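*Asks:*
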Amino acid sequence: MKWLRRITVAMAMLWALPVSADSWAPPRKETYRSADGNVRFTVVPRGLQDQLAYFTDKVKGREPAGQRRGAASYARGLWERRSGTTWTRIWEGRLVNDVSPVSALVADDGRYVVTFDNWHSMGFGDNVVVIYRTDGTVVRSLKLADIMPEDYVRILPRSVSSLWWSGKHSLSPDGRSVILKIVIPGSSDGGTEPRGYLDVPVELATGTVTPLAGPNWDMAQAVAAPLIASAKESEAENRARTLAPLKAPTGTAEMEWTRYMHEAAERLASPPGVAMGLGTDWVLPAPGDPQFAENAELIRSLFTEPSEKQDYQFSSPSAPDALAHLLIDSASHGRPGSLAGSRLFIALPASQAEPVRTALKRSGATVILFDPVQPIQQRPEVLRQLGVAPDQVDTEVAKAEAAARQYKAEAARLKALAPPEPAVAKPQEDDAQLDALADAMEMEAAKLEKGN
Numbered sequence: 099m100k101w102l103r104r105i106t107v108a109m110a111m112l113w114a115l116p117v118s119a120d121s122w123a124p125p126r127k128e129t130y131r132s133a134d135g136n137v138r139f140t141v142v143p144r145g146l147q148d149q150l151a152y153f154t155d156k157v158k159g160r161e162p163a164g165q166r167r168g169a170a171s172y173a174r175g176l177w178e179r180r181s182g183t184t185w186t187r188i189w190e191g192r193l194v195n196d197v198s199p200v201s202a203l204v205a206d207d208g209r210y211v212v213t214f215d216n217w218h219s220m221g222f223g224d225n226v227v228v229i230y231r232t233d234g235t236v237v238r239s240l241k242l243a244d245i246m247p248e249d250y251v252r253i254l255p256r257s258v259s260s261l262w263w264s265g266k267h268s269l270s271p272d273g274r275s276v277i278l279k280i281v282i283p284g285s286s287d288g289g290t291e292p293r294g295y296l297d298v299p300v301e302l303a304t305g306t307v308t309p310l311a312g313p314n315w316d317m318a319q320a321v322a323a324p325l326i327a328s329a330k331e332s333e334a335e336n337r338a339r340t341l342a343p344l345k346a347p348t349g350t351a352e353m354e355w356t357r358y359m360h361e362a363a364e365r366l367a368s369p370p371g372v373a374m375g376l377g378t379d380w381v382l383p384a385p386g387d388p389q390f391a392e393n394a395e396l397i398r399s400l401f402t403e404p405s406e407k408q409d410y411q412f413s414s415p416s417a418p419d420a421l422a423h424l425l426i427d428s429a430s431h432g433r434p435g436s437l438a439g440s441r442l443f444i445a446l447p448a449s450q451a452e453p454v455r456t457a458l459k460r461s462g463a464t465v466i467l468f469d470p471v472q473p474i475q476q477r478p479e480v481l482r483q484l485g486v487a488p489d490q491v492d493t494e495v496a497k498a499e500a501a502a503r504q505y506k507a508e509a510a511r512l513k514a515l516a517p518p519e520p521a522v523a524k525p526q527e528d529d530a531q532l533d534a535l536a537d538a539m540e541m542e543a544a545k546l547e548k549g550n
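Each residue of the sequence shown is one higher than the one before, counting from 99 in the working numbering.
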């Protein structure tokens with residue numbers, strides 16, 4: 099099934115790219131020098147097969163993710179001091195990062211090195227800021243919550259992979275501290291451009307973080323307050339959705355049904371004992387839709403071509419009869435055992451379930467049929483994790499919905515009190531230049547589409 103492999107790989111590559119356009123180049127060897135150039139620190143990343151392998155292993159819970167066979171299995175640092183025309187080693191050894199830090203600063207006196215963040219996951223983990231002594235021991239390894247309140251962390255600009263929490267860090271003139279540049283959110287609506295930065299000194303000898311204070315911090319808190327309330331509103335809404343019985347969408351929108359099917363699959367069957375491929379779903383349109391024939395052909399190919407073990411999801415709010423007929427016909431004419439080891443989640447009215455179930459036995463797949471008219475209860479283990487007994491679900495859903503409404507009102511009140519947005523200069527680009535750029539982009543898109 100070459101087409102499915104291509105789709106899966108493409109999806110993985112797209113999902114690996116953060117939503118705020120933060121692309122990650124492969125980690126590479128980097129050398130950082132002190133301001134006077136007399137001390138340098140070289141970072142050698144853990145050896146990765148490639149970015150896709152790293153991402154895939156992370157999704158499947160395999161560690162060390164993306165490890166290249168025969169390559170270094172840990173990130174390494176080499177600390178050196180200039181001695182005339184040569185470099186003398188101060189220390190060489192293992193760094194605390196999984197793959198590699200993102201950047202580093204080197205003190206002029208050569209007594210400390212500070213590394214920042216983790217490749218592909220800025221802002222996350224216990225080693226967002228790490229201070230090393232010359233013998234390779236760690237003065238302190240800091241997570242963001244060691245530097246700023248957790249509520250402030252939750253509203254920092256973020257992408258799929260990272261928290262964009264900082265600007266350009268520096269060392270203090272006296273060489274005793276690293277000055278962290280902490281983002282002040284740029285908009286009460288969660289804009290990605292920072293309004294400014296907070297300077298937060300951290301003592302190199304002890305790792306002591308200077309408490310946040312002063313006018314800039316007051317302003318940052320005022321800007322962050324409505325964002326924090328909005329974040330809590332979203333969390334309350336999510337808790338209510340997670341606890342409540344899952345209901346099918348009332349319309350036929352493909353995206354809504356895709357989300358519904360993914361959550362239905364999570365509620366109806368526990369994760370398999372071994373990691374399976376990225377799930378593939380079809381929301382089959384009505385037979386008169388131009389997309390129907392293409393989707394039908396792809397579904398038929400599942401039963402005729404060799405396939406990897408995966409979770410497949412099928413629904414058709416517009417034409418459940420057509421979906422049932424297509425699955426029965428595809429299984430009847432398909433290769434026996436073509437889907438052995440896979441799971442098929444199928445949303446169909448109860449009246450159509452048994453003929454489909456009988457036909458699909460030939461495929462060898464595990465078949466999970468459910469009627470979208472019936473709400474799907476949350477799994478007991480999920481309720482336990484959330485601290486909710488089955489007989490408390492309705493009460494807890496009502497509490498979460500009430501909390502969401504309260505946070506929404508609080509966010510509106512705090513937004514009115516937040517400092518006004520700084521004026522933003524109007525872009526200077528000429529409209530003709532923008533039109534030309536748009537034309538060029540459309541031409542390139544047309545070429546790519548024609549090439550496919």
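From the three backbone atoms N, C-alpha and C, an ideal C-beta is built for every residue, glycine too.
Owing to the predicted nature of the structure, the values given are computational and were not obtained by experimental measurement.
Cβ of V200 within 8 Å of Cβ of W185?
*Replies:* Cβ atoms of V200 and W185: not closer than 8 Å.
*Asks:* Given a threshold of 16 other Cβ atoms within 10 Å of its Cβ, counted over all protein chains shown, does V471 qualify as buried or as exposed?
*Replies:* V471 should be labelled exposed.
*Asks:* Going by C-alpha to C-alpha distance, which of I397, R179, Q149 and V300 sits closest to D244?
*Replies:* V300
*Asks:* Give me the Cβ distance between V204 and V228, rounded to the nearest whole Å; I'm assuming they're in contact under 8 Å.
*Replies:* Not confirmed; about 13 Å, so no contact.
*Asks:* Which word fits K127, buried or exposed, when buried means at least 16 other C-beta atoms lie within 10 angstroms of its C-beta?
*Replies:* Per the 10 Å Cβ criterion, exposed.
*Asks:* Look at the Cβ atom of F401, then the Cβ atom of L437, and state whether they are nearer than 8 Å.
*Replies:* yes
*Asks:* Determine whether the beta carbon atoms of A362 and I474 lie at a separation below 8 Å.
*Replies:* yes
*Asks:* In terms of residue numbering, what span does the beta strand (DSSP E) encompassing D409 cover?
*Replies:* Unbroken beta strand (DSSP E) run through D409: D409 to S413.
*Asks:* Counting pairs of Cβ atoms below 8 Å between the region 259-269 and the region 337-344, do you hit three or more?
*Replies:* When Cβ pairs closer than 8 Å are counted between the two stretches, the region 259-269 is seen not to touch the region 337-344, the count staying below three.
*Asks:* Which ranges does the alpha helix (DSSP H) cover as unbroken runs of at least 4 residues, wholly within the region 418-480, from first to last along the chain?
*Replies:* 418-431 and 448-458
*Asks:* Cα separation between A445 and V381?
*Replies:* 10 Å
*Asks:* Note down the Cα distance separating T350 from D379, rounded to an integer number of angstroms.
*Replies:* 15 Å
*Asks:* Give me the residue from A202, D249 and Y210 with the minimum Cα distance to V226.
*Replies:* Measuring from the Cα of V226, the nearest candidate turns out to be A202.
*Asks:* Have a look at G288 and S328 and give me their C-alpha separation to the nearest angstrom.
*Replies:* Low local confidence applies: a pLDDT of 48 at G288 is under 50, so the model's placement there is unreliable, with the coordinate-based value given in what follows. Their backbone Cα atoms lie some 10 Å apart in a straight line.
*Asks:* Of the choices L302, G305, K407 and F412, whose alpha-carbon is the least far from that of I397?
*Replies:* F412
*Asks:* For A338, I'd like the list of residues in its chain whose CB is within less than 7 Å of its CB, leaving aside the five on either flank, ordered along the chain.
*Replies:* V495, A498, E499 and A502
*Asks:* Determine the extent of the beta strand (DSSP E) in which P324 is found, giving its start and end residues.
*Replies:* From DSSP, P324 is part of no beta strand (DSSP E) but of the alpha helix (DSSP H) over P313 to L341.
*Asks:* Which of the three DSSP states, helix, strand or coil, is assigned to F139?
*Replies:* Strand at F139.
*Asks:* Could you work out which residue in M317, R144 and I426 is closest to G294 when comparing CA atoms only?
*Replies:* M317
*Asks:* So what does F214 bridge to, in DSSP terms?
*Replies:* S201 and V227
*Asks:* Let me check understanding here. Comparing Cα to Cα, which of S414, S430 and L325 lies closest to Q389?
*Replies:* Cα-wise, what sits closest to Q389 is S414.
*Asks:* Looking only at its chain, what residues have a beta carbon closer than 6 Å to the beta carbon of L193, apart from the 5 residues adjacent to it on each side?
*Replies:* For L193, where only same-chain residues beyond five positions count, the Cβ hits under 6 Å are A173 and G175.
*Asks:* Between Y505, D196 and I188, which has its C-alpha nearest G208's C-alpha?
*Replies:* I188
*Asks:* Give the list of continuous beta strand (DSSP E) stretches no shorter than 3 residues that lie fully inside the region 262-305.
*Replies:* 275-282 and 294-301
*Asks:* If you reduce the DSSP assignment to three classes, tell me which class W355 lands in.
*Replies:* helix
*Asks:* Taking 7 Å as the limit between beta carbons, can you name the residues of its chain near A394, skipping five residues before and five after?
*Replies:* L424
*Asks:* Which two residues bound the contiguous alpha helix (DSSP H) that contains L400?
*Replies:* For L400, the enclosing alpha helix (DSSP H) starts and ends at P388 to L400.
*Asks:* Please state whether DSSP places T184 in a helix, a strand or coil.
*Replies:* strand
*Asks:* In angstroms, rounded to a whole number, what distance separates the CA positions of S275 and D134?
*Replies:* Taking the straight line joining both Cα atoms gives about 17 Å.
*Asks:* Below 8 Å on the Cβ atoms is my guess for V197 versus R256; work out the distance and round it to an integer in Å.
*Replies:* Going by Cβ atoms, the distance from V197 to R256 rounds to 19 Å, so no, they are not a contact pair.
*Asks:* Do the CB positions of W122 and Q149 come within less than 8 Å of each other?
*Replies:* yes
*Asks:* Can you say whether K459 is buried or exposed, counting buried as having 16 or more other CB atoms within 10 angstroms of its CB?
*Replies:* exposed
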